[in-house]
Every structure is written in C-alpha cells, then in structure tokens.
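S.K.: Below is the structure I would like to discuss, written out as structure tokens.
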Amino acid sequence: MQPVEFVLSPLVAFFVGVFFLGFSRKLTARIQRRYGPPLYQPVIDVVKLFAQRSISHGVLFEVGVVVSLVGSVITVMFIPLGRICPLCSSGGLLVVMYLMLFGPLGLALGAGESANPNASIGVSRKMLLALAYEVPFLLVILSVMCHYGTISLAEIVAQQQAGRWGLLSLPLALSALAAFLILPAMLGIRPFDLVSAPQEIASGPLVEYGGRYLAVIAIQGAFHSFIVIALFVDFFLGGGTNVGTFLLKVLVVFAAGVLINAVLPRVKIEEAIKFCWKWPVALAVVSLALSVVLR
Amino acid sequence: MTVSPEAILVMAFGGAAASYGLGLVSAKARDVFAVVLTAVLLCLVALLYGRPAERVYCSDFLGLTLVLRTDALAWFFAISVSLVGWLSTVFSLSYVRAKGQVNFYYFALLLVNAAMLGIVFSGDLLSFYIFWETMSWAAYLLISYNRGRALSAGLKYIVMSIVGSCAMLVGLVSLYAGYNTLVISELAARIASGSTGPLLPVVTAFGVGFGIKSAIVPLHTWLPDAHSEAPSPFSAVLSGTLIKMGVYGFVLVMYAVVGVKLLLGLGAGWLRFHSVLCWVGAITMLVPTFIAVLQDDAKRLLAWSSIGQMGYIVLGIGIATSLGLGGALFHMFNHAVFKGLLFLAVGAVEYRTGGVRDLNELGGLIKRMPVTFACALVGGLGLIGVPLSSGFVSKWLIYKTLIAEGHPFLALAALVGTWGAVLYVYKLLHNIFLGQLPEKYRGVESAPVSMQFPLVVGALVTLLCGVLPGIPLRAVGAVVGSLGLEPARVTLAGFGPEVGPLNLVNICAAGIVAALLIVALLRGAATSRRVPQQDSYAAGAYVPVERYHYTVRFYDPLERAAGVYLRDRVDEFYSWLAGRATRVFDVLRRIYSGDVRDYVAYIVCLLAVLIVVQMVWWIW
Chain A
241 MQPVEFVLSP LVAFFVGVFF LGFSRKLTAR IQRRYGPPLY QPVIDVVKLF AQRSISHGVL
301 FEVGVVVSLV GSVITVMFIP LGRICPLCSS GGLLVVMYLM LFGPLGLALG AGESANPNAS
361 IGVSRKMLLA LAYEVPFLLV ILSVMCHYGT ISLAEIVAQQ QAGRWGLLSL PLALSALAAF
421 LILPAMLGIR PFDLVSAPQE IASGPLVEYG GRYLAVIAIQ GAFHSFIVIA LFVDFFLGGG
481 TNVGTFLLKV LVVFAAGVLI NAVLPRVKIE EAIKFCWKWP VALAVVSLAL SVVLR
Chain B
18 MTVSPEAILV MAFGGAAASY GLGLVSAKAR DVFAVVLTAV LLCLVALLYG RPAERVYCSD
78 FLGLTLVLRT DALAWFFAIS VSLVGWLSTV FSLSYVRAKG QVNFYYFALL LVNAAMLGIV
138 FSGDLLSFYI FWETMSWAAY LLISYNRGRA LSAGLKYIVM SIVGSCAMLV GLVSLYAGYN
198 TLVISELAAR IASGSTGPLL PVVTAFGVGF GIKSAIVPLH TWLPDAHSEA PSPFSAVLSG
258 TLIKMGVYGF VLVMYAVVGV KLLLGLGAGW LRFHSVLCWV GAITMLVPTF IAVLQDDAKR
318 LLAWSSIGQM GYIVLGIGIA TSLGLGGALF HMFNHAVFKG LLFLAVGAVE YRTGGVRDLN
378 ELGGLIKRMP VTFACALVGG LGLIGVPLSS GFVSKWLIYK TLIAEGHPFL ALAALVGTWG
438 AVLYVYKLLH NIFLGQLPEK YRGVESAPVS MQFPLVVGAL VTLLCGVLPG IPLRAVGAVV
498 GSLGLEPARV TLAGFGPEVG PLNLVNICAA GIVAALLIVA LLRGAATSRR VPQQDSYAAG
558 AYVPVERYHY TVRFYDPLER AAGVYLRDRV DEFYSWLAGR ATRVFDVLRR IYSGDVRDYV
618 AYIVCLLAVL IVVQMVWWIW
C-alpha cells in the first residue's frame, strides 16, 4: 500500500470511465451509421457543466450528489486494478458490495429533495431495477467467493493468476454468463436505461440537476461503469498482472456491452425484472450449487 | 460503593411505583423523576461492566433457591435495555403530555424496563419466569394504551404471549424434573456432566416461548399490530428491547444452559435444532422484509422490518460459531438503537402532524424537521447496513460466518433481505421527508428538544459503533468468551487479517478526504442559487401546491407481481383457527344450560355409564 496508489487508482478510474463515455457514443454512432461526436466530447461536456450556473433545491440535494461520488471513488480503491489496490487490506468483497450502495443511494436521496415526481418515479424504478439485478449478481458473487474460498478480492485475483481464469473453470463459466447478461442493467444502458429515460420521465432522478451537480453525476456515472466492469474482469478474466493488461480486458468487456446497447430498444421495468430473474438467476443458481458441491 | 443487581432492581421497581405516586402530586416532578431514574439506572448498569457476581436472595422459595447474577451476557442486554429505556422516557416527556392517564403510562413504561432488567439479572429460571410474566403483562397495558384498534392488538399480543409462557413453563418443569434445580449455573454443570436427558423437547418448548416473544416466523403475527398501535416511545422499547428478550432467552438456554457442545448434537440425523433455527431465521428475514416494502403505515413498515431484522439475529445464533454469535449479539444491540431511533423519529412526525403516519399523506418534511430527518437517515442507513453505520459491522460478521461455514444460500437470503431493506428504508424516508411539502404542513414546527435529544443520541451511537466497532465488540467478545466459544480478535477499527480484513477508520478517512476534494471542486465551479419547490421542471405545466408527490404504490411493479405472495398467510391461518375454535366452544358452552334438571340428567347419565362399565369389565 503506497500513498501514490491512493491518487493513482481514482485517476485511472476517472480517465478510463470518461473515455468509456466518449467511446460508447462513438461506437454506437458507427453501428447506427452516424459519424458521432469526437471521443473527447464528454470532457467538453463536463467542463461546460462546471462553468454553468445552476439551481439547487436544498442541502440534501447537494450533499446527495457528493455522497454518491465519494462512495464510488472509495469503492474503486478496494478493487485491484492490475497491481494497484490501495485499500485491499481494509476490507474484502463484502465491503465493496456495500460501498457500491452509496452511489445510487446518495443520488436517490438528493433527487428525492428536488420535489419533482419525475425524479421519484425514476428512483422507484432504479430501486426495483437494482433489486432485479442484485439477486443474480449476489448469486454470482457468492459462487465466486465459494469457488475460491475467500472474501478477499485480491486473493481471488491471485488464485486466478496462479491457476485458471474464472471464465474457464466449470461452475464459474455459468456465473460469468449470468453476470454478462445483467451487465447492461448494472451499467444502466439500453435496454435497461429506464431509470433515466429522457423521453418518458424527463431523465428521472436527474430532472432537476444541472450545472456543477450534473457534472458530478456524470463523473459518478463514469466511475460506476468502470467499477462494474473492473469487478467483472477481476472475477472472471483473472484481473491483470499490470494496469495495461487489466485495462485492455476492461475495454473488451465494455465494448461487448456497448454492442448490445446499440441495437436493443428500451424495456419496461416489469420486463426488466422478469428478464433478470429468469435466465441469469437460473444460471447463477446452478453455478452456485455446483461450486458448493465441487468444493 | 459497590453496585449490585439487587440494588438496581429494587430501584427500578420502586421507581416505577414511586413515579405513579409522584404523578398524583405533581406532573413536573414525575417527569423529572422518570428521566433521572432511567439515567441513573443506565449509569449503574454501566458500572457493573466486567464484574460477574452471583447472589442468592431467597434460599427457600417452595424448595427452590432464587438467585440474581450478572455476567457478560446479562450486562450486554442490560445496557441495551437501560439505554433504550432512557431514550424512550426522555422522548415520552412531550409525547404523552397531551394524552390521558399519564401517570399510568409512566408506571407501565418503567415497570416494563424494570422487568426486563429483572429478566437479564435472573440467576435461576424461576425468577426469570416471574420477571418474564411481569414484562409481558406490563407491555400488554401499554400496547392497549391508545384504546380503539389498540385493544384488539393488545389482546392478540397477550394471547400469543400466554401460549409462549405455557410452552416455557413446560420446559421449565421438565428441566426441574430432570435435574432437580433451576439455578442456571448448577443446571449448566449438571447438564454438562453427562446424564443427557431428553433435551430436545425442552429446548423446543423454550424455543416456542422465546420465538413468540422475538417474533420469528411463524410466531410473529402479534408484532405488526402491537408495534403499530402502541404509543411511539413504547414502540421503540417494544422493537428495541422487548423482542430482544426472546433473543436473550435463546442465547441463555442454548449456550449458557445447554452449552455449545451438546447444542451442536441436538437433533436427529442431519436435522439439527440449530440448523432448523438457521432456516427459520432465513425465512424470517426474507418474507417479512418484502412485506414491509409494501406497507403504507410508517410504523407498520418498521414493525415488519423488525421481524426481518430478528431473522438476522436468530440466524447468527443458530449458526453457533464465535463470529456468528458475536454478529448476532452485536446486531441485537445495534438494532435496539437504530430501530428505537426510527420509531421515535416517526413518533416525532406523528406528534407534529397531528397523528399522521400514513405514508401517502406526508411529504417534504425535511424542510420543516431537518434534525429529525438527519437522525432518521442515520437510523435508516444503519438498518440497511451501509458502511460507517453500526449495522454494517454486525451484518458483515453474519455474512462472513455464513460464507466461511459454507452456507451460501443462507448468505443469499441475508443479502437479498438487505436489498429489501434498501427499498423500504428509502420509501419511508422519501414518503415522509422528501418530495414536495404539502400546503397543509407548511406551518409544521421542528420537533421539541426533548424529542430531538434521544434521536441525536441514537444517531451518534449508531455512527460511533460503525466507525469504531472495536469498543462494543470488546463487550461482545466477553459474552462470546463466557459462553464457551473462542472470541474473535478485534481491533479498534475492525478486524485484523486473521478474521478477514476490515478497517472502518481507513474507510472513514478516505471518505472524508474524497468528500473534501469534491467539495473543493464544487466550490471552484460556477455557483447555484436556491429555488422554491414549485420552481421545478414540469414541461411548462402548472405545478400544484396542495399535494404533488409520487408516493401511492411507490413500488407498483413489485406490488403487482408479488403482492399476492406477500400476504401474511400465517396470520390468516391463526384467525381462521380462532374463528373455528370460537364456534366449537360456543357449542360446548350450551352444556351449561343453567337448568338444574339438565345437570341432574348429566349426573344420572354419568352414573349409569359408570355402573355399566363396572358390570361389564369389573374395573374397580
């Protein structure tokens, strides 16, 4: 644990996350035969937002956004990015799971104070969507923890690097598939972008946010995407022996997710729940049962 | 001066009676007395820490010795009882002032707390039973305090309580028949020294009694009614400590009397008592949690959530490892504090809005009651188990045990239950405090100081135990050690690498630094201006001022999909059973017709039957 890692880890997450935003827009545009904005467009957007004056509905409205981003920044520090992992010795996977709560919860509380029913509807959808994907996701996490017999993320990565990738060992291959199926839901991209559906509920929780607060939310979103995919890579693709290979794997998984995003239309919340609780749960339950039996 | 449990008990019971007498003279003196008494009790109990003692206070009561004792286990529960008792008494000052029969209220409240202290300080099972009954009946008085619907809630409670007491009595008598003593320490020694009688039925009988009090499924049906109909400060005591007496009973009988070694062997084949308890715990935390999500009454929501949280505690006890038991005990304490806090917060809202606790009528109260909201938020985060709140550490211990012991499906139930908690906590906070402030609540004042004070104390305890869990975990470790398990090694900030890395001070420090940096970033950016709530985006349409808040059926898709399965079928079954029994007894009642000629006929018939029996079989 070196002090420089505390700075490095969030910075890597920030730049990669922001790059993802631009990359996904470009890739989606190309699939849809448009030219698309430049790769650095999100950077321009965020800088512009910081320079714009905005409105506020109260203290919680502002604090919620900060809490949300703080939660995401700390979560990154618990995830091994190649060899960088400043807080790995302070807690394991269980802590990561709970720290990931801060993001949605902070935003939900902040949006709640905006007194706009669109925001409340969006939050209600977010909570249900989270419940929908958390059930298979928890099953996946449990089978990973059972398979490697540890709750430490660093240990899980180390075991994969010594032996086989999680994706290539039998019970976890099913888990990996389940996790990949719910990946768009966790990232909040199409077909599961119903939480912040702009055309239906005026961007849901974000409806009242503008200026510097919206900028912070955009950064939090970038962090969140990075966290979800980094976890996937650490679970199933053996993490990385250095930051370079790690980020390469992250990019591949993200691109695969964006390909789904680009071609599917948005679903309703009921359909999202039904989808998440059908195949991903079935696959993950089989995987968990197998990892218990095979241990 | 040495503090002894008998001094504490005399003071607690005497104080309860004195508060009634004092109230007849002066209301103010009674209020001050009640607060001072509970505060002094809290201090005295705190002074007992680390001084195990046992004393016979009545050597020959019907041939039994009655004993009082303190040890690590008793102290841990006593401190929770006296802390919640103190907070709820302070809260009561304004809450009950406007209601009738205030003297009676204080008397019953102090009596319940005194009886609970009596339960934990009992050194033999007979005293335990006597104090248990005192607690049950005193609680009955308070549950039905509000009259109206509270009367039937109280009746339901007391009927189930009596069933539980009968089951306990069966256990008690069989223990006495088998081992010829009821003193806990002697009982433990005799049970451990070989002669294994039929322990399983005894433990099951006690389990029914404690299960009813701690409201585990399917013995929970009294709780939602009782918790929601009782006066709010007493709901805090009910949910905070009274149902925890069931937990105390479980720990006492399972670990202190029977002992871990015998406990693990209790049962037949693969069906063990403790593993059945684990699965009962899993069901208890899963189903009620999602029933809570669909509730529209703030206190009913919290009541169902209490049942769900009891599931975690029972699960931790059932898993029977050092970490699991430690997690369960710690969660017991944490839940007492943050659930008490939440009930008090809802009580404060109820007090200021004229008795409204319907989640579909409130909204936007954060603008009027910011302190209450902040404390409720901390309580809610504790309930979810967010890091840096106390609930996180205790739940972490339970998950960690479940995974380490190879019960991933139990761990799944616990983790999914936590997501249910996220759903209902947000619904509670959102529907009461967030969203638009309706016109009619524009003039609501913030809660009085005597209500804010217990809220703030509860919130601080929740945060303190969350950031520096080493302090309470030391006491938990002492309990676990005294029950024959190896306590886990704790540090001030969490656990070392041998248990599994957890360092909450690091997380807290990293969070503060990150927050400061982000705030600095925001300061550097363009400013924002505060706008009134009507100034919100409505696509150019007019924003109504009376009520404009998305609350009704907040989780509608879940309600439509799962509402059918999330009914309390156990309660329906009991009600059906009660209805049927009423009809049967109504028929039986007709035997007593009140006509002497009928009774003469019965006697003649009986004699005739006896004579026939005697003539045919020659029995006598």
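Chains as they are written, first to last, in my numbering: chain A, 241 to 535; chain B, 18 to 637. Think of the CB as a built atom: it goes at the ideal place given N, C-alpha and C, for glycine as much as any other residue. Just so it is clear, the structure is predicted and the values come from calculations on it, not from any experiment.
Suppose you measure from the CA of residue 224/A to the CA of residue 534/A; what does that come to, to the nearest Å?
M.R.: Look at the range of chain A in this structure, 241 to 535, and you will see that residue 224/A is not part of it.
S.K.: Can you tell me whether residue 507/B is helix, strand or coil according to DSSP?
M.R.: Three-state DSSP puts residue 507/B in a strand.
S.K.: Buried or exposed: residue 295/B, going by 16 or more other Cβ atoms within 10 Å of its Cβ?
M.R.: With 16 or more Cβ atoms within 10 Å of its Cβ, residue 295/B is classed as buried.
S.K.: Does DSSP put residue 496/B in a helix, in a strand, or in coil?
M.R.: Three-state result, residue 496/B: helix.
S.K.: Could you list which residues in chain B have their beta carbon closer than 8 Å to that of residue 451/A, in chain order?
M.R.: Going along chain B in sequence order, the residues near residue 451/A (Cβ under 8 Å) are 542, 543 and 545.
S.K.: Quick one: Cα of residue 554/B to Cα of residue 563/B, how far?
M.R.: Roughly 17 Å separates the two Cα atoms.
S.K.: State the Cα-Cα distance for the pair residue 290/A and residue 543/B, rounded to the nearest angstrom.
M.R.: For residue 290/A and residue 543/B, the distance between alpha carbons rounds to 6 Å.
S.K.: From this set, 118/B, 24/B and 493/B, which residue's C-alpha is nearest residue 58/B's C-alpha?
M.R.: The candidate whose alpha carbon is nearest that of residue 58/B is 24/B.
S.K.: State buried or exposed for residue 338/B, treating a residue as buried only when at least 16 other CB atoms are found within 10 Å of its CB.
M.R.: Buried: at least 16 other Cβ atoms inside 10 Å.
S.K.: Pairing CB atoms from the segment 300–309 of chain B with CB atoms from the segment 425–445 of chain B, are three or more of them under 8 Å?
M.R.: The segment 300–309 of chain B, when compared against the segment 425–445 of chain B, does touch it at the 8 Å Cβ threshold.
S.K.: With DSSP as the reference, label residue 314/B as helix, strand or coil.
M.R.: Residue 314/B: strand per DSSP, three-state reduction.
S.K.: Quick one, are the C-beta atoms of residue 550/B and residue 355/A less than 7 Å apart?
M.R.: Contact flag set, yes.
S.K.: Using CA atoms only, rank isn't needed, just tell me which of 175/B, 82/B and 189/B is closest to residue 152/B.
M.R.: Out of 175/B, 82/B and 189/B, 175/B has the C-alpha closest to the C-alpha of residue 152/B.
S.K.: Taking C-beta to C-beta, are residue 200/B and residue 242/B nearer than 7 Å?
M.R.: Cβ distance not < 7 Å, so residue 200/B and residue 242/B don't count as in contact.
S.K.: Using a Cβ-Cβ distance under 7 Å, would residue 462/A count as near chain B?
M.R.: Residue 462/A does not count as touching chain B.
S.K.: Which value, in whole angstroms, describes the spacing of the CA atoms of residue 77/B and residue 475/B?
M.R.: C-alpha separation (whole angstroms): 43 Å.
S.K.: Residues of chain B with CB closer than 9 Å to the CB of residue 447/A, please, in chain order.
M.R.: The contacting residues are 553 and 554.
S.K.: Within the continuous alpha helix (DSSP H) that includes residue 640/B, where are the two ends?
M.R.: Nothing in the structure corresponds to residue 640/B, since chain B is present only between 18 and 637.
S.K.: Confirm, please, whether the CB-CB distance from residue 184/B to residue 222/B is below 7 Å.
M.R.: Yes. Within cutoff.
S.K.: So which of 107/B, 247/B, 351/B and 164/B has the shortest CA-CA distance to residue 50/B?
M.R.: Checking every option, the nearest Cα to that of residue 50/B belongs to 107/B.
S.K.: Quick check on residue 63/B - is its C-beta less than 7 Å from some C-beta in chain C?
M.R.: The structure shown has no chain C; the protein chains it does contain are A and B.
S.K.: Along the segment 401–420 of chain B, what residues have a CB closer than 8 Å to any CB found in chain A?
M.R.: Against chain A - using a Cβ distance shorter than 8 Å - the residues of the segment 401–420 of chain B are 401, 402, 403, 404, 409, 413, 416, 417 and 420.
S.K.: Let me know the secondary structure DSSP gives residue 716/B once reduced to three states.
M.R.: Only positions 18 to 637 of chain B appear in this structure, which leaves residue 716/B out of reach.
S.K.: What is the DSSP secondary structure of residue 515/B, counted as helix, strand or coil?
M.R.: It is coil, neither helix nor strand.
S.K.: For residue 280/A, which residues in chain B fall below 9 Å Cβ to Cβ?
M.R.: Within 9 Å Cβ-Cβ: nothing; residue 280/A doesn't reach chain B, min ~19 Å.
S.K.: Count the other CB atoms within 10 Å of the CB of residue 602/B; is the residue buried (16 or more) or exposed (fewer)?
M.R.: It is exposed - the Cβ of residue 602/B has fewer than 16 other Cβ atoms within 10 Å.
S.K.: Which residues mark the beginning and the end of the alpha helix (DSSP H) in which residue 590/B is found?
M.R.: That run of the alpha helix (DSSP H) goes 586–606.
S.K.: Near residue 459/A, what residues of its chain come up, given a Cβ to Cβ distance below 8 Å and the 5 sequence neighbours on each side ignored?
M.R.: Only 254, 257, 258, 286 and 309 meet the Cβ criterion.
S.K.: Can you give the Cα-Cα distance for residue 55/B and residue 149/B, rounded to whole angstroms?
M.R.: Those two C-alpha atoms are separated by around 20 Å.
S.K.: Using a threshold of 7 Å, state whether the C-beta atoms of residue 93/B and residue 22/B are closer than that.
M.R.: It is not a contact, given that the beta carbons lie outside the stated cut-off.
S.K.: Does residue 547/B come out as helix, strand or coil in the three-state DSSP assignment?
M.R.: Strand at residue 547/B.
S.K.: Name the residues in the segment 307–340 of chain A whose C-beta lies less than 7 Å from a C-beta of chain B; which are they?
M.R.: Result list: 309, 310, 313, 314, 317, 327, 329, 330, 331, 332, 334, 335, 338 and 339.
S.K.: To be precise: take each residue of the segment 361–380 of chain A, compare its Cβ to all Cβ atoms of chain B, and keep it if any distance is under 8 Å. Which residues remain?
M.R.: Per Cβ criterion, the list reads 361, 363, 364, 367, 368, 370, 371, 374, 375, 378 and 379.
S.K.: May I ask you to report which of helix, strand or coil DSSP gives residue 70/B?
M.R.: Correct three-state label for residue 70/B: strand.
S.K.: Does the CB of residue 451/B have a neighbour CB from chain A at under 7 Å?
M.R.: Residue 451/B counts as touching chain A.
S.K.: Cβ of residue 528/B less than 7 Å from any chain A Cβ?
M.R.: It does: the Cβ of residue 528/B has a partner Cβ on chain A nearer than 7 Å.
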